[in-house]
Amino acid sequence: MQKFFLDDEKPKFSSRNKFAKMGLTFDDMKLVYDQNATVKSADIDVSTVLTPTLKLKLPLISAAMDTVTEARFATELAKLGGLGVIHKNMTIAEQADEVKRVKTATFDSDIYPNAATDNQGRLLVAGAVGVTSDTVKRVEAMAAVGVDAIVLDSAHGHSEGVLRKVSEVRDAFPTLNIIAGNIATTSGAAALYDAGADVVKIGIGPGSICTTRVVAGIGVPQLSAVRDAAEEGARRGKAIIADGGAKTAKDITKALAAGGNAVMLGSMFSGTEETPGDVFEDNGKRYKTYRGMGSIAAMEAGSKDRYFQGEVNEAKKMVPEGIEARVAYKGALADVLAKMMTAIREEMAKMDESSVADLSKNGRMTRDISVIDYEAEVAHVKKSYTMPTF
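Heads up: the sequence shown at position 105 corresponds to 105 in the UniProt record's numbering, and the numbers run straight through without jumps.
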């Protein structure tokens, strides 16, 4: 088995360069508009190409979270042009069945002219796997029903176990699209590409219900992470996905302008009609549950390996890196997505960028020194949560 050496080219820190370079996140930066812009929002091409066989009509991907993406949501998102990633907090057979439901779904192309489809006209769908003993079996089951991409998901993608697993899956499935992450550095992106990943996913702890930066004190501000990884991706002609931290449509535009080819969303999709779970009421207002995959409840359901706690069997001994919360019910995904894409198109038009590809290559931003970075904070959700003391 191939041996991955992670530290061969790692710079040795001295007292003078102990602190890394300044990192920037969404609220630190403002998009730079072109005063002579001529592009009209209606003419903008918002499609994106992740691989030759993974082409989306929208640069949006849903997070592999058990309160966000199952077959119903993934089907609707693909009809609208994006890509859903089926979460893995279920048995192998159940996950394969969720994938199959998307691949066999029928739709009217006149109603959904921008559907994201494969070369047979079937809707695109991806499935998440972890670094476990059954990873290859899980991939095999999903590949058998036509999954378009595997997302090898870990909170620390630049680690030997993850790199080995990516290599193992690549050897077993030479032609399958592999998306791997998460990482936050140029070297992390390079390592995953070298291991066999087609697309790399960027983001350590920026999510609205992720507490990795609070609990572990680890992470890189998201725009800096995306920019750095994008340089490696561009050098190799490969794509990257910005995963986490986007709170508004303008944040999505910023992630693309920083070099992202697509953006993965959790909280912005949460609470929509098609997400898993029931709508409930509290004081006359409607809500749905939304939880991070690093929350105790999600880890108990099957996501422990993502946070390197696969051998911990008691909840009281787990170290959570996410929370469970409630979010306002948002209604149909189609309506939410329509507003989101209108805002993104308007931002791109003001920047005079006619396509996502152009925005990723040429988009400009300027630093706003008047803001404070709240990216590491747990926000944007109704919650009852006490920060850990460990």
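Using N, Cα and C, we set each Cβ at its ideal position, and we do this for glycine too.
The beta strand (DSSP E) enclosing residue i, as first and last residue numbers
i, result
"V200", "V199 to I202"
"M142", "Where M142 is concerned, there is no enclosing beta strand (DSSP E), although the alpha helix (DSSP H) it sits in stretches over T135 to A144."
"V49", "T48 to T51"
"A115", "That residue, A115, is in no beta strand (DSSP E); it is neither H nor E in DSSP."
"A149", "A149 to D153"
"L24", "From DSSP, L24 is part of no beta strand (DSSP E); its letter is neither H nor E."
"N177", "N177 to I183"
"V39", "No beta strand (DSSP E) holds V39; DSSP gives it neither H nor E."
"V85", "L83 to I86"
Extent of the continuous alpha helix (DSSP H) to which residue i belongs
i, result
"R170", "E160 to A172"
"E94", "I92 to K103"
"K79", "A71 to L80"
"M340", "L333 to K350"
"D194", "T186 to A195"
"K361", "V356 to N362"
"A225", "Q222 to R236"
Under the three-state DSSP convention, the category residue i falls into
i, result
"Y287", "strand"
"L124", "coil"
"D108", "coil"
"K55", "strand"
"D45", "strand"
"G277", "coil"
Which residues DSSP lists as bridging residue i, in chain order
i, result
"M264", "I61 and D243"
"D282", "K285"
"M365", "L31"
"N119", "Paired residue(s): none; N119 is not in a bridge."
"L256", "For L256, which the question treats as bridged, DSSP gives no partner whatsoever."
"V327", "K288"
"R67", "The sequence given here has Thr at residue 67, not Arg. According to DSSP, T67 bridges with nothing at all."
"V129", "L152"
"T272", "G331"
Distance between residue j and residue i (C-alpha atoms, nearest Å)
i, j, result
"A343", "L265", "16 Å"
"M340", "E160", "38 Å"
"Q222", "D368", "15 Å"
"A239", "V199", "5 Å"
"A195", "L163", "6 Å"
"V336", "M268", "9 Å"
"Y290", "K88", "16 Å"
"A39", "S354", "Before going on, a small fix: residue 39 reads as Val here, not Ala. The straight-line gap from Cα to Cα measures roughly 6 Å."
"G284", "D148", "41 Å"
"F107", "A78", "10 Å"
"D228", "Q120", "36 Å"
"L60", "S154", "20 Å"
"E347", "D358", "13 Å"
"D110", "D352", "30 Å"
"R345", "A262", "14 Å"
"D118", "R364", "33 Å"
"L80", "L50", "17 Å"
"D278", "G237", "42 Å"
"S224", "M65", "25 Å"
"A190", "E232", "7 Å"
"S187", "G146", "32 Å"
"K330", "K137", "36 Å"
"A128", "E98", "12 Å"
"V46", "V68", "23 Å"
"E70", "Q35", "43 Å"
Cβ-heavy atom distance, residue i to the ligand ZN, below 6 Å
i, result
"V356", "In the structure shown, the ligand ZN is absent, as is every other ligand, since no ligand is present at all."
With three or more beta-carbon pairs closer than 8 Å as the criterion, would you say the segment 265 to 282 touches the segment 39 to 55? No, the segment 265 to 282 is not in contact with the segment 39 to 55.
Counting Cβ pairs closer than 8 Å, one from the segment 155 to 171 and one from the segment 115 to 125, do we hit at least three? Taking 8 Å as the limit for Cβ pairs, the verdict is that the segment 115 to 125 does not touch the segment 155 to 171.
Sufficient close CB pairs (3 or more, under 8 Å) joining the segment 134 to 151 to the segment 93 to 100: Contact between the segment 134 to 151 and the segment 93 to 100 is present, with at least three C-beta pairs closer than 8 Å.
| query | Taking one C-beta from the segment 21 to 28 and one from the segment 243 to 259 each time, how about it: are there three or more such pairs within less than 8 Å? | reply | Inter-segment contact for the segment 21 to 28 and the segment 243 to 259 is present: three or more beta-carbon pairs are separated by less than 8 Å.
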